[in-house]
Structure formats: structure tokens, C-alpha cells
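Residue 0 is where the sequence shown starts when you use numbering that gives the first Met the number 0, and the numbers rise one by one after that.
For glycine and all other residues, C-beta sits at the position ideal for the given N, C-alpha and C.
Just so we're clear, the structure is a prediction, and the values are computed from it rather than from any experiment.
In what follows, a single structure is set out as C-alpha cells and then discussed.
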Amino acid sequence: MSALPDTIARIRREVCGLHAELTRYELVVWTAGNVSARVPGYDLMVIKPSGVSYDDLTPELMVVTDLYGTPVTGISADADGAAATWENPELMPSSDTA
0 MSALPDTIAR IRREVCGLHA ELTRYELVVW TAGNVSARVP GYDLMVIKPS
50 GVSYDDLTPE LMVVTDLYGT PVTGISADAD GAAATWENPE LMPSSDTA
């Protein structure tokens, strides 16, 4: 595998695991609430798909999007939280940072 697929697989596992922590500490209700992570060195991020129960999450279900929330790979193209995550330009990393 090349570096990008390995990195995405690792981040999908991490983001999936972090969602388990959200429920463990009762920080979310129903399916509301997302954790996302930027893919280092790429203008991509990984986020939980909208409407999927935390109990049903697997790393493979995590959605990979560009920094504008447009899905680029993944099973679900519905990640409502993705656009909101990067809506604020001050929060958006520049394309030249890793």
C-alpha cells in the first residue's frame, strides 16, 4: 500500500475509536455529534457519516472528504457535519501546512 491509503486507514480507525469515547463520556445524544481529523499532508479529512448509530460505526464507514466536505471516498456520501467543520475560514488549514 502507498502512504496515503495507510494514513487514511489509520485515521479512520482513530476517528472511529474517538466516537466510542463520545458515547462513553455521554458527550453526544442519538447520532448527533462528530469528530473529524485532517489527513496530514493532504487537503482531506475523515468524519463520521451522518445518521449512523455510534454502535454501528466501523473504520470502513468513516467518510473521507475534501476540506469543503465533499466526499472523495467512503461508503456514505452523507456527512452533514463535514461542511460545518470547515465552514469557518479561520479554522481551515492552509493547503501548504501538513
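Distance, residue j Cα to residue i Cα
{"i": "Leu-56", "j": "Arg-37", "result": "19 angstroms"}
{"i": "Gly-50", "j": "Thr-30", "result": "6 angstroms"}
{"i": "Tyr-24", "j": "Pro-39", "result": "27 angstroms"}
{"i": "Arg-9", "j": "Gly-68", "result": "20 angstroms"}
Sub-9 angstroms separation of residue i and residue j beta-carbons
{"i": "His-18", "j": "Val-34", "result": "yes"}
{"i": "Met-61", "j": "Arg-11", "result": "yes"}
{"i": "Val-14", "j": "Pro-70", "result": "no"}
Neighbourhood of residue i by C-beta, 6 angstroms cutoff - its chain only, sequence neighbours within 5 removed
{"i": "Thr-22", "result": "Tyr-53"}
Which residues DSSP lists as bridging residue i, in chain order
{"i": "Met-44", "result": "Arg-37, Thr-64"}
Proximal residues to residue i (C-beta, below 8 angstroms), its chain only, five neighbours per side dropped
{"i": "Ile-7", "result": "Val-38, Leu-43, Val-45, Val-63, Thr-72"}
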